[in-house]
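Sequential numbering from 385 applies to the sequence shown in the numbering used here.
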Amino acid sequence: MAELTRKEFYELADQCRERALELAHFDQNRVNRHQCRRFNMWLARLKTYDQLAAGVQDISAARPITRYDLMAAAVVLWLVSMFLLREQLSMGGNRILAFGIWGLVVLLYFLPESLYATTVELLEAKVLRVVEALEELLISQEME
Numbered sequence: 385m386a387e388l389t390r391k392e393f394y395e396l397a398d399q400c401r402e403r404a405l406e407l408a409h410f411d412q413n414r415v416n417r418h419q420c421r422r423f424n425m426w427l428a429r430l431k432t433y434d435q436l437a438a439g440v441q442d443i444s445a446a447r448p449i450t451r452y453d454l455m456a457a458a459v460v461l462w463l464v465s466m467f468l469l470r471e472q473l474s475m476g477g478n479r480i481l482a483f484g485i486w487g488l489v490v491l492l493y494f495l496p497e498s499l500y501a502t503t504v505e506l507l508e509a510k511v512l513r514v515v516e517a518l519e520e521l522l523i524s525q526e527m528e
């Protein structure tokens with residue numbers, strides 16, 4: 385674990401501001417993979433500081449899963465199941481499977497991304513929790 389110096393503390397506070405401003409440019413209800421990955425790397429770095437460990441330990445990593453990732457997985461599942469089960473199922477069973485997976489793809493398209501992934505809005509909330517942890521550290525006057 386690393387010791388958080390005053391200089392690093394203010395650099396982290398500045399990074400929080402920059403991240404919040406950068407995230408404000410994106411669609412709040414969509415998943416941005418690049419921003420999720422950047423946040424995960426930044427969060428891993430934050431968790432290395434002794435003073436911040438208690439404040440950020442319960443912040444979970446961002447999930448960079450897009451809607452099209454889920455839809456592609458459903459289509460691959462459908463193709464594999466149709467290939468493997470085509471002899472075991474009758475013609476009616478194949479139709480039910482085909483329509484069932486098609487319905488799953490349509491359902492996945494209309495599900496809100498915040499149910500299965502981390503949207504930009506949720507990333508902003510996680511950055512705000514880091515800001516609150518930094519504020520608590522500043523108020524407790526442990527930055528000597």
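Ideal Cβ placement from N, Cα and C applies to all residues, glycine included.
Note that this is a predicted model, so its numbers are computed, not measured.
- Membership of F410 in any alpha helix (DSSP H) is not indicated, and neither H nor E is assigned to it by DSSP.
- Per DSSP, reduced to three states, the secondary structure at A445 is coil, with no helix or strand assignment.
- Scanning the region 418-470 for uninterrupted alpha helix (DSSP H) segments of 4 residues or longer gives 434-440, 451-469, listed from N- to C-terminal end.
- Short of 8 angstroms from the beta carbon of L518, and not among the five residues preceding or following it, lie these beta carbons of its own chain, in chain order: F393, L396, A397, C400, L436, G439.
- Taking a contact as a CB-CB distance under 8 angstroms, the pair Q441 and L507 does not count as one, their CB atoms being some 18 angstroms apart.
- Inclusion of F410 and V504 in the CB contact set at 8 angstroms is warranted, their separation being smaller than that value.
- The C-beta separation of A501 from V415 comes to about 5 angstroms, placing the pair in contact by the 8 angstroms criterion.
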